[in-house]
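Novice:
Residue numbers (the numbering used here): 196 to 287.
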């Protein structure tokens with residue numbers, strides 16, 4: 196499943212439901228959690244992949260601060276993720 200996360204509070208909720216083979220995509224204000232110094236930092240691991248939308252990170256001026264353990268993707272790659280995962284859920 197692809198979990199599309201829009202906010203930090205939604206990220207906290209989604210973490211309870213992410214399982215092996217899932218992917219988590221940080222968009223909008225949730226991109227702040229891709230910074231390792233953020234209190235809600237979400238680190239990639241062997242269980243599931245974490246992605247951040249480059250355009251949202253750039254819009255917030257944090258693109259240079261994204262953790263190297265998180266995959267930075269563009270809109271075309273976002274579409275590819277939705278194709279790879281037959282189910283998705285958006286967390287707001």
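For each residue, glycine too, the CB sits at the ideal point set by N, CA and C.
Considering only the beta carbon of each residue, do residue 252 and residue 226 sit closer than 8 Å?
Specialist: Contact flag set, yes.
Novice: Quick check on the DSSP output: the beta strand (DSSP E) that includes residue 218 runs from which residue to which?
Specialist: It spans 218-221 - the beta strand (DSSP E) in which residue 218 sits, taken as one unbroken run.
Novice: How long is the line joining the alpha carbons of residue 216 and residue 276, rounded to whole angstroms?
Specialist: Spanning the two alpha carbons is a distance of roughly 12 Å.
Novice: Please report the residue range of the alpha helix (DSSP H) in which residue 203 lies.
Specialist: Element bounds for residue 203: 203-209.
Novice: Around the C-beta of residue 228, are 16 or more other C-beta atoms found within 10 angstroms, so that it is buried, or is it exposed?
Specialist: The residue is buried, with at least 16 neighbouring Cβ atoms inside 10 Å.
Novice: What three-state label does DSSP hand residue 262 in the structure shown?
Specialist: Residue 262 falls in the coil class under three-state DSSP.
Novice: Please give the ranges of any beta strand (DSSP E) in the stretch 241-285, keeping only runs that are unbroken, at least 3 residues long and fully inside the region.
Specialist: Taking only runs of at least 3 residues, the beta strand (DSSP E) segments lying wholly in the stretch 241-285 are 244-248, 266-268.
Novice: Less than 8 Å between the C-beta atoms of residue 257 and residue 222, yes or no?
Specialist: No, they are not a contact pair.
Novice: Between residue 250 and residue 270, which are expected to be in contact by the criterion C-beta below 8 Å, what is the C-beta distance as a whole number of angstroms?
Specialist: At roughly 7 Å, the Cβ-Cβ gap stays under 8 Å, so residue 250 and residue 270 are in contact.
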